[in-house]
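Student:
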Amino acid sequence: MRDAPASPTPPPQPEPDAAGAGRADDPVRLAARRIRSVDAAGTEASDDTVDTDGKGLEAARDPSPWQDNVIFSNATAANHIPETDPDLAGVDSRPGHGGLLISTAPGHAVTYRGTVDVATRTGTRTALRFSIGEAAAVRPQPGKPTR
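Once you know that position 109 of the sequence shown is 109 in our numbering, the rest is easy, because the numbers rise by one and skip nothing.
1. Figure out for me which residue from 75, 30, 132 has the closest Cα to the Cα of residue 104.
2. Helix, strand or coil for residue 26? Go by DSSP, reduced to three states.
3. So the beta strand (DSSP E) residue 127 belongs to, where does it begin and stop?
4. Rank 84, 117, 31 by C-alpha distance to the C-alpha of residue 129 and give the top, closest one.
5. Distance check for residue 81 and residue 102, CA to CA, integer angstroms please.
6. Do you know offhand how far residue 125's Cα is from residue 119's?
7. For residue 29, collect the residues of the same chain with a Cβ closer than 6 angstroms to its Cβ; drop the 5 residues on either side in sequence, then sort them by chain order.
8. When we look at the beta-carbon of residue 111 and count the other beta-carbons within 10 Å, is it buried (16 or more) or exposed?
9. Can you check whether the C-beta of residue 110 is within less than 9 angstroms of a C-beta belonging to chain B?
10. With a threshold of 6 angstroms on Cβ separation, who are the neighbours of residue 9 within its own chain once the five nearest residues in sequence on each side are excluded?
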């Protein structure tokens with residue numbers, strides 16, 4: 001009676017960073033074999049911040065049974081108290097009141113001409129149109145400051 005031939009053993013796999021790994025030398029495949037570190041975990045989630053201390057992982061793993069982060073309010077549109085607009089952090093509180101801040105040579109002025117929508121690769125963006133000319137030839141636009 002003869003013994004059955006031994007099944008061939010597969011060749012050993014190279015380590016992820018081994019030199020001369022052949023076709024498995026693809027950097028994406030090498031990175032996929034590595035153990036993910038704490039600072040890279042969770043970066044593909046809804047935000048792109050890096051969780052270096054691991055508190056985000058702990059919070060996801062051990063959620064609190066208490067719902068102390070829920071805020072209840074009885075405010076309605078009828079019983080609210082309107083607040084006045086503050087004089088800061090708005091467009092009008094900026095130097096130039098939201099207009100152009102361009103310095104010109106003496107005798108010249110900047111005139112705001114409007115906005116245009118510019119097509120880009122990812123959609124559209126709004127661009128300001130303005131002109132710089134002699135101060136006597138510039139006619140100010142209504143509602144826009146001229147410098």
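Glycine included, each C-beta is placed from N, C-alpha and C at the ideal position.
None of the values given here were measured: they were computed from a predicted structure.
Tutor: Reading it off the structure:
1. Considering only alpha carbons, the answer is 132.
2. Residue 26 falls in the coil class under three-state DSSP.
3. That run of the beta strand (DSSP E) goes 123–134.
4. For residue 129, the nearest C-alpha among the options comes from 117.
5. Between the C-alpha atoms of residue 102 and residue 81 there is a straight-line separation of about 41 angstroms.
6. One C-alpha to the other measures close to 7 angstroms.
7. Short of 6 angstroms from the beta carbon of residue 29, and not among the five residues preceding or following it, lies no beta carbon of its own chain.
8. By the neighbour-count criterion, in which a residue is buried when 16 or more other Cβ atoms sit within 10 angstroms of its Cβ, residue 111 is buried.
9. Chain labels in this structure do not include chain B; a single protein chain is all it has.
10. So the list is empty, once near-sequence residues are dropped.
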